[in-house]
(Lines of atoms letter the chains of each structure in order from A and count residues from 1; the text may use other names and numbers.)
(Lines give C-alpha, C1' and ligand atoms only; values in the text may rest on other atoms or scores of the structure.)
Protein backbone atom coordinates (compact mmCIF):
# COMPACT_ATOMS: atom_id res chain seq x y z
CA UNK A 1 0.00 0.00 0.00
CA UNK A 2 1.28 3.49 -0.80
CA UNK A 3 0.52 4.64 2.75
CA UNK A 4 3.02 3.54 5.40
CA UNK A 5 1.70 1.43 8.24
CA UNK A 6 1.28 3.76 11.21
CA UNK A 7 0.59 2.63 14.79
CA UNK A 8 -1.13 5.27 16.92
CA UNK A 9 -0.94 4.62 20.69
CA UNK A 10 -4.17 4.82 22.69
CA UNK A 11 -4.31 6.96 25.84
CA UNK A 12 -6.02 4.71 28.37
CA UNK A 13 -6.76 7.75 30.54
CA UNK A 14 -9.10 9.22 27.93
CA UNK A 15 -10.16 6.22 25.83
CA UNK A 16 -13.87 5.60 26.29
CA UNK A 17 -13.36 1.85 26.04
CA UNK A 18 -10.77 1.61 28.83
CA UNK A 19 -13.10 0.07 31.49
CA UNK A 20 -14.21 -2.62 29.02
CA UNK A 21 -10.68 -3.24 27.78
CA UNK A 22 -9.27 -3.66 31.28
CA UNK A 23 -12.14 -5.89 32.39
CA UNK A 24 -11.97 -8.29 29.44
CA UNK A 25 -8.18 -8.14 29.24
CA UNK A 26 -7.32 -8.62 32.92
CA UNK A 27 -10.34 -9.97 34.83
CA UNK A 28 -12.77 -11.92 32.65
CA UNK A 29 -10.37 -12.80 29.83
CA UNK A 30 -13.00 -13.31 27.18
CA UNK A 31 -12.62 -14.13 23.51
CA UNK A 32 -15.37 -15.29 21.19
CA UNK A 33 -16.02 -16.67 17.72
CA UNK A 34 -18.94 -15.83 15.46
CA UNK A 35 -19.71 -18.04 12.44
CA UNK A 36 -22.19 -17.05 9.74
CA UNK A 37 -22.86 -17.57 6.04
CA UNK A 38 -21.95 -14.79 3.60
CA UNK A 39 -23.95 -14.51 0.37
CA UNK A 40 -21.36 -14.30 -2.42
CA UNK A 41 -23.76 -14.76 -5.35
CA UNK A 42 -22.81 -11.44 -6.94
CA UNK A 43 -19.09 -12.18 -6.64
CA UNK A 44 -19.47 -15.62 -8.23
CA UNK A 45 -21.40 -14.14 -11.15
CA UNK A 46 -18.62 -11.67 -11.92
CA UNK A 47 -15.10 -12.67 -10.98
CA UNK A 48 -14.39 -15.37 -13.58
CA UNK A 49 -15.69 -13.33 -16.50
CA UNK A 50 -13.36 -10.51 -15.47
CA UNK A 51 -10.34 -12.81 -15.32
CA UNK A 52 -9.91 -12.90 -11.54
CA UNK A 53 -9.37 -15.75 -9.07
CA UNK A 54 -11.80 -16.41 -6.23
CA UNK A 55 -9.38 -16.59 -3.29
CA UNK A 56 -7.77 -13.14 -3.71
CA UNK A 57 -11.17 -11.70 -4.62
CA UNK A 58 -12.81 -12.83 -1.38
CA UNK A 59 -9.66 -11.96 0.56
CA UNK A 60 -10.09 -8.39 -0.68
CA UNK A 61 -13.66 -8.32 0.67
CA UNK A 62 -12.41 -9.40 4.10
CA UNK A 63 -9.52 -6.94 4.17
CA UNK A 64 -11.67 -4.05 2.99
CA UNK A 65 -14.14 -4.68 5.83
CA UNK A 66 -11.40 -5.16 8.43
CA UNK A 67 -9.77 -1.90 7.45
CA UNK A 68 -13.12 -0.15 7.81
CA UNK A 69 -13.23 -1.22 11.47
CA UNK A 70 -11.15 0.82 13.91
CA UNK A 71 -11.91 -1.66 16.70
CA UNK A 72 -10.54 -4.63 14.77
CA UNK A 73 -7.38 -2.69 13.88
CA UNK A 74 -6.60 -2.30 17.58
CA UNK A 75 -3.46 -4.12 18.64
CA UNK A 76 -0.53 -4.24 21.06
CA UNK A 77 2.82 -3.21 19.62
CA UNK A 78 6.01 -3.10 21.70
CA UNK A 79 3.91 -3.41 24.84
CA UNK A 80 1.65 -0.48 23.96
CA UNK A 81 -2.03 -0.54 23.02
CA UNK A 82 -2.92 1.33 19.86
CA UNK A 83 -4.53 1.25 16.44
CA UNK A 84 -3.05 0.57 13.02
CA UNK A 85 -4.12 2.81 10.16
CA UNK A 86 -4.58 -0.34 8.09
CA UNK A 87 -3.99 -4.11 8.25
CA UNK A 88 -2.35 -6.35 5.66
CA UNK A 89 -3.20 -10.04 5.09
CA UNK A 90 -1.31 -13.11 6.19
CA UNK A 91 -2.86 -16.18 4.58
CA UNK A 92 -2.18 -19.90 4.22
CA UNK A 93 -0.82 -21.52 1.08
CA UNK A 94 -1.62 -25.26 0.78
CA UNK A 95 0.90 -27.64 -0.80
CA UNK A 96 -1.03 -30.37 -2.59
CA UNK A 97 1.94 -32.72 -2.97
CA UNK A 98 2.68 -33.26 0.73
CA UNK A 99 -0.48 -31.79 2.30
CA UNK A 100 1.40 -29.16 4.31
CA UNK A 101 0.84 -25.42 4.33
CA UNK A 102 2.88 -22.25 4.54
CA UNK A 103 2.02 -18.83 5.94
CA UNK A 104 2.37 -16.11 3.35
CA UNK A 105 1.70 -12.39 3.47
CA UNK A 106 1.03 -9.76 0.82
CA UNK A 107 0.83 -5.99 0.69
CA UNK A 108 -2.65 -4.52 1.07
CA UNK A 109 -4.09 -2.10 -1.46
CA UNK A 110 -7.50 -0.48 -1.44
CA UNK A 111 -7.44 -0.86 -5.23
CA UNK A 112 -8.90 -4.31 -5.94
CA UNK A 113 -6.94 -4.96 -9.14
CA UNK A 114 -3.66 -4.06 -7.42
CA UNK A 115 -4.50 -6.15 -4.35
CA UNK A 116 -5.48 -9.13 -6.51
CA UNK A 117 -2.20 -8.95 -8.42
CA UNK A 118 -0.20 -8.71 -5.18
CA UNK A 119 -1.75 -11.97 -3.97
CA UNK A 120 -1.28 -13.72 -7.33
CA UNK A 121 2.36 -12.64 -7.53
CA UNK A 122 3.19 -13.87 -4.03
CA UNK A 123 1.42 -17.21 -4.51
CA UNK A 124 3.27 -17.75 -7.78
CA UNK A 125 6.62 -16.88 -6.22
CA UNK A 126 6.26 -19.02 -3.10
CA UNK A 127 3.97 -21.88 -4.20
CA UNK A 128 6.80 -24.43 -4.21
CA UNK A 129 8.60 -23.16 -1.10
CA UNK A 130 8.00 -25.33 1.97
CA UNK A 131 8.00 -24.32 5.63
CA UNK A 132 5.59 -22.59 7.97
CA UNK A 133 6.95 -19.10 7.22
CA UNK A 134 8.20 -18.70 3.65
CA UNK A 135 8.24 -14.95 3.03
CA UNK A 136 10.47 -12.84 5.20
CA UNK A 137 9.60 -9.43 6.63
CA UNK A 138 6.13 -10.11 8.03
CA UNK A 139 4.83 -6.63 8.96
CA UNK A 140 3.52 -5.97 12.46
CA UNK A 141 0.14 -4.88 11.05
CA UNK A 142 -0.66 -8.34 9.66
CA UNK A 143 -3.93 -10.15 10.31
CA UNK A 144 -4.22 -13.98 9.93
CA UNK A 145 -6.76 -15.33 7.45
CA UNK A 146 -7.09 -18.89 6.20
CA UNK A 147 -9.42 -20.99 4.10
CA UNK A 148 -10.68 -24.52 4.77
CA UNK A 149 -11.84 -25.24 1.20
CA UNK A 150 -12.68 -28.91 1.78
CA UNK A 151 -15.71 -28.39 4.05
CA UNK A 152 -18.74 -26.12 4.34
CA UNK A 153 -18.63 -25.80 8.12
CA UNK A 154 -21.48 -24.63 10.33
CA UNK A 155 -19.12 -23.21 12.92
CA UNK A 156 -15.45 -23.35 13.79
CA UNK A 157 -13.65 -22.84 17.10
CA UNK A 158 -10.28 -21.15 17.46
CA UNK A 159 -8.36 -19.66 20.34
CA UNK A 160 -5.11 -18.13 21.56
CA UNK A 161 -3.51 -18.20 25.00
CA UNK A 162 -5.38 -16.21 27.65
CA UNK A 163 -2.20 -14.24 28.27
CA UNK A 164 -1.38 -13.62 24.62
CA UNK A 165 -0.82 -10.03 23.51
CA UNK A 166 -2.31 -10.87 20.12
CA UNK A 167 -5.55 -8.86 19.97
CA UNK A 168 -6.30 -8.76 16.25
CA UNK A 169 -9.06 -10.96 14.83
CA UNK A 170 -8.47 -14.36 13.24
CA UNK A 171 -10.54 -15.12 10.14
CA UNK A 172 -11.53 -18.50 8.65
CA UNK A 173 -13.75 -19.30 5.68
CA UNK A 174 -14.77 -22.58 4.09
CA UNK A 175 -16.11 -24.19 0.93
CA UNK A 176 -18.87 -22.25 -0.78
CA UNK A 177 -22.06 -23.97 -1.91
CA UNK A 178 -25.40 -23.25 -3.58
CA UNK A 179 -28.66 -23.09 -1.62
CA UNK A 180 -31.97 -21.77 -2.97
CA UNK A 181 -30.30 -20.08 -5.95
CA UNK A 182 -27.79 -18.31 -3.69
CA UNK A 183 -24.09 -19.04 -3.32
CA UNK A 184 -23.10 -19.04 0.35
CA UNK A 185 -19.72 -19.32 2.05
CA UNK A 186 -19.09 -20.25 5.70
CA UNK A 187 -17.29 -17.43 7.46
CA UNK A 188 -15.86 -17.23 10.97
CA UNK A 189 -14.24 -14.42 12.94
CA UNK A 190 -12.45 -14.87 16.26
CA UNK A 191 -12.40 -11.70 18.37
CA UNK A 192 -10.81 -10.59 21.62
CA UNK A 193 -13.62 -9.07 23.69
CA UNK A 194 -11.18 -6.51 25.10
CA UNK A 195 -11.15 -4.65 21.78
CA UNK A 196 -14.57 -5.36 20.29
CA UNK A 197 -18.07 -6.18 21.51
CA UNK A 198 -20.84 -8.01 19.72
CA UNK A 199 -21.97 -4.75 18.14
CA UNK A 200 -18.59 -4.03 16.56
CA UNK A 201 -18.24 -7.59 15.28
CA UNK A 202 -21.77 -7.47 13.86
CA UNK A 203 -20.97 -4.23 12.03
CA UNK A 204 -17.86 -5.87 10.56
CA UNK A 205 -19.85 -8.89 9.37
CA UNK A 206 -22.53 -6.66 7.86
CA UNK A 207 -19.79 -4.75 6.07
CA UNK A 208 -18.38 -7.98 4.62
CA UNK A 209 -21.84 -8.77 3.26
CA UNK A 210 -22.38 -5.25 1.92
CA UNK A 211 -19.04 -5.25 0.09
CA UNK A 212 -19.88 -8.64 -1.42
CA UNK A 213 -23.32 -7.36 -2.46
CA UNK A 214 -21.71 -4.42 -4.26
CA UNK A 215 -19.21 -6.51 -6.22
CA UNK A 216 -20.21 -4.89 -9.51
CA UNK A 217 -18.81 -1.59 -8.23
CA UNK A 218 -15.26 -2.90 -7.65
CA UNK A 219 -14.85 -6.04 -9.80
CA UNK A 220 -14.18 -4.09 -12.97
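Residue numbers (my numbering): 837 to 1056.
For glycine and all other residues, C-beta sits at the position ideal for the given N, C-alpha and C.
Since the model is a prediction, treat every value here as computed from it, not as a measurement.
query: Continuous beta strand (DSSP E) stretch holding residue 919: start and end; result: 916–920
query: Straight-line Cα distance separating residue 1020 from residue 872; result: 10 Å
query: Complete beta strand (DSSP E) runs within the segment 875–945 (minimum length 3 residues, chain order); result: 910–913, 916–920, 924–931, 936–941
query: Coarse secondary structure for residue 1006, derived from DSSP in three states; result: strand
query: Test item: CB-CB of residue 927 and residue 940 under 8 Å; result: yes
query: Per DSSP, cross-strand counterpart(s) of residue 1020; result: 875, 1013
query: Burial state of residue 920 (16 or more Cβ within 10 Å); result: buried
query: Limits of the beta strand (DSSP E) - the one that residue 845 falls within; result: 843–845
query: Residues bridged to residue 969 (per DSSP); result: 939
query: Three-state class that DSSP yields for residue 850 in the structure shown; result: coil
query: For residue 1038, the residue or residues it bridges with in DSSP; result: Bridge partners of residue 1038: none, in fact.
query: Straight-line gap, residue 946 to residue 1025 (C-alpha atoms, nearest Å); result: 21 Å
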